[in-house]
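Engineer:
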Amino acid sequence: MRGPLVYLNGEYVPYDDAKLGVEDRSVQFGDGVYEVVRYYGGRPFKMDSHMRRLTRSAAGIDLAIPSTSEIAGAMDELVRRQNMPEAAVYLQITRGETARVQGIPKNLKPNVIAIARPATSARPASGIAIVTQSDDRWARCNLKTTMLLPAMLARSRAERLGAQDAIFVRDGFVTEASAANVFIVSKGVVLTPPLSNYLLAGCTREAILELHGANGIESREQLITHADLLDADEVFLSSTNGELRPVTKIDGRPVGTGEVGPVFSRTIALFDAATRQLVVV
Ligand SMILES: Cc1ncc(COP(=O)(O)O)c(C=O)c1O
């Protein structure tokens, strides 16, 4: 088999047998929503938050989806069947297949796809470099849709410039990175932009705010300007797949001392303790 087992509309099928039609709406329009859930020790991290966000994303594009317990159960089952305790499970729900029309035809049958791949928590020895870029995405970035071209182009531009990721700036304010939320540390306080339609409500972001709250680390949701980002003592990114990544260079200039900072180190220790809890219970 060329790849992992695929969950497709209620069945677990070999990779090579899992097919979608050429007129699936995701192929023609990027018409679908998705999630990615990280499994630690065979148990999902923040599944409820992911399922709540999936429900919001689907409602935001008028897409009726199967029950979230069915979807979460399918993701668990993929991990179990492949004995893959450390995994990232991608779930996509497309609007389904139909002759190409621009409007949204009624009574389409969504296609539900999930694929698990092994994940590691291997940590880079140093921080990453990012570039800033104007946020040219649409105005509903709170929905996790499969329409990812602007994010891909931003990542690709960052890589061409020798960086690993891009942080978007809209009207002078930081929104998020191409596939992660942004935190800065300024004068001892951790800041992250407040939720809005211009950024995704990250499940990892939520976990960090909870961990900080429970452990006496002062953190606030607050607008962050481009200048705040460049002046920050520390910057880090959060996402399911990348977990927490320190940023030590922005647009070629060092962040703070240019080294991974103490707030990041404390935060990732708390995060590791939280995910390890899933492994040991
Ligand atoms: C645009 C964007 N923002 C933020 C995130 C982080 O969200 P989460 O922590 O739920 O993975 C992602 C994750 O893919 C993303 O694509």
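For what it's worth, numbering that gives the first Met the number 0 labels the leading residue of the sequence shown as 0, then goes sequentially. Don't be surprised by glycine CBs; every beta carbon is placed ideally from N, CA and C.
#1: Determine the direct distance from the alpha carbon of L194 to that of L7, and round the result to whole angstroms.
#2: Can you find the residues in the same chain that come closer than 8 Å, C-beta to C-beta, to A138, ignoring five residues on each side of it along the sequence?
#3: Would you mind giving the Cβ-Cβ distance between P84 and Y11, rounded to the nearest angstrom? I have them listed as a contact below 8 Å.
#4: In the DSSP assignment, what residue or residues form a beta bridge with P253?
#5: Following a CB-centred definition, is R204 positioned closer than 8 Å to any heavy atom of ligand 1?
#6: Using the beta-carbon count (16 or more within 10 Å), is K105 buried or exposed?
#7: Please identify the residue among A118, K143, T54 and T256 whose C-alpha is closest to the C-alpha of G201.
#8: According to DSSP, F182 sits in a beta bridge with which residue or residues?
#9: Just to confirm, are L228 and I249 a CB contact at a threshold of 9 Å?
#10: Keeping to the same chain, check which residues put their C-beta closer than 7 Å to that of L107; ignore five residues upstream and five downstream.
#11: Is L199 close to ligand 1? I mean its beta-carbon at under 8 Å from any heavy atom of the ligand.
#12: Using the three-state DSSP reduction, which class does I103 fall into: helix, strand or coil?
#13: Between which residues of its own chain and A157 is the CB-CB distance below 8 Å, once the five residues before and five after are set aside?
#14: Would you check if the distance between the CB atom of A71 and the CB atom of P109 is smaller than 9 Å?
#15: A87 bridges to which residues according to DSSP?
#16: Thinking I216 and V189 are a contact (beta carbons under 8 Å), I'd like their distance in whole angstroms, please.
#17: Within 10 Å of its beta-carbon, does L4 have 16 or more other beta-carbons around it, so buried, or fewer, so exposed?
#18: On the DSSP bridge assignment, give the partners of T224 in chain order.
#19: Report the three-state DSSP secondary structure of E217 (helix, strand or coil).
#20: Is the separation between the beta-carbon of L199 and that of E220 shorter than 9 Å?
#21: Flag this pair as yes or no: are the beta carbons of L62 and G31 separated by less than 9 Å?
#22: So which of A153, G29, G41 and D271 has the shortest CA-CA distance to P117?
#23: Using the rule of at least 16 other Cβ atoms within 10 Å of the residue's Cβ for burial, across every protein chain shown, is K18 buried or exposed?
#24: What is the C-beta distance between G29 and M146, in whole angstroms, given that I count them as a contact (C-beta under 8 Å)?
#25: Please indicate yes or no: does the CB of T239 lie closer than 8 Å to some heavy atom of ligand 1?
#26: Bridge partners for A162 per DSSP, in chain order?
#27: Does S66 come out as helix, strand or coil in the three-state DSSP assignment?
Structural biologist: This is what the structure holds:
#1: Looking up residue 7 in the sequence shown gives position 8. Looking up residue 194 in the sequence shown gives position 195. Whole-angstrom Cα-Cα distance: 33 Å.
#2: For the purposes of this step, residue 138 is taken as residue 139 along the sequence shown, with counting starting at 1. So the list reads N196 and Y197, once near-sequence residues are dropped.
#3: By 1-based counting over the sequence shown, the position of residue 84 is 85. By 1-based counting over the sequence shown, the position of residue 11 is 12. Not a contact, Cβ separation roughly 18 Å.
#4: Position 254 of the sequence shown holds residue 253. P253 pairs with K248.
#5: By one-based count along the sequence shown, residue 204 stands at place 205. Yes, since a heavy atom of ligand 1 falls inside the 8 Å radius drawn around the Cβ of R204.
#6: Indexing the sequence shown from 1 puts residue 105 at position 106. Within a 10 Å sphere around the beta-carbon of K105 sit fewer than 16 other beta-carbons, which makes this residue exposed.
#7: Within the sequence shown, the letter at position 202 stands for residue 201. In terms of Cα proximity to G201, the closest of A118, K143, T54 and T256 is K143.
#8: Position 183 of the sequence shown holds residue 182. Paired residues: F235.
#9: Here residue 228 refers to the residue found at position 229 of the sequence shown. Here residue 249 refers to the residue found at position 250 of the sequence shown. Cβ distance < 9 Å, so L228 and I249 count as in contact.
#10: Reading the sequence shown from its first residue, position 108 is the one you call residue 107. Closer than 7 Å at the Cβ level, and outside the excluded window around L107, lie R94, G95 and T97.
#11: What you label residue 199 is simply residue 200 of the sequence shown in a count that begins at 1. Correct: L199 has its Cβ closer than 8 Å to ligand 1.
#12: The residue given as residue 103 occupies position 104 in the sequence shown. In the three-state reduction of the DSSP assignment, I103 falls in the coil class, being assigned neither a helical nor a strand state.
#13: Translated into the one-based positions of the sequence shown, residue 157 becomes position 158. Non-local C-beta neighbours of A157 in its own chain, meaning closer than 8 Å and more than five positions away in sequence, comprise I129, V130, Q132, Q163, D164, A165 and S177, ordered along the chain.
#14: Stepping through the sequence shown from its first residue, residue 71 is reached at position 72. Stepping through the sequence shown from its first residue, residue 109 is reached at position 110. Going by C-beta atoms, A71 is not nearer than 9 Å to P109.
#15: Counting from 1 along the sequence shown, the entry for residue 87 is found at position 88. In the DSSP output, where bridge partners are listed per residue, A87 has R37 and R116.
#16: The residue you call residue 216 lines up with position 217 of the sequence shown. The residue you call residue 189 lines up with position 190 of the sequence shown. About 6 Å separates the two Cβ atoms, so the contact holds.
#17: On the sequence shown, position 5 is the one that residue 4 refers to. The residue in question, L4, is buried, as its Cβ has 16 or more Cβ neighbours within 10 Å.
#18: The count along the sequence shown starts at 1 and reaches residue 224 at position 225. Beta-bridge pairing links T224 to F172.
#19: Position 218 of the sequence shown, counted from the first residue, corresponds to residue 217. Reduced to three states, the DSSP call for E217 is coil.
#20: Translated into positions along the sequence shown, residue 199 becomes position 200. Translated into positions along the sequence shown, residue 220 becomes position 221. No. Outside cutoff.
#21: If you number the sequence shown from 1, residue 62 lands on position 63. If you number the sequence shown from 1, residue 31 lands on position 32. Contact: yes.
#22: Counted from its first residue, the sequence shown places residue 117 at position 118. Considering only alpha carbons, the answer is G41.
#23: Numbered from 1 along the sequence shown, position 19 holds the residue referred to as residue 18. Flag for K18 reads exposed.
#24: Indexing the sequence shown from 1 puts residue 29 at position 30. Indexing the sequence shown from 1 puts residue 146 at position 147. G29 to M146, Cβ: 4 Å. Contact.
#25: Here residue 239 corresponds to residue number 240 of the sequence shown, with the count starting at 1. Indeed, a heavy atom of ligand 1 lies less than 8 Å from the Cβ.
#26: By one-based count along the sequence shown, residue 162 stands at place 163. Answer is none; A162 lacks a bridge partner.
#27: For the purposes of this step, residue 66 is identified with residue 67 of the sequence shown, where counting begins at 1. S66: coil per DSSP, three-state reduction.
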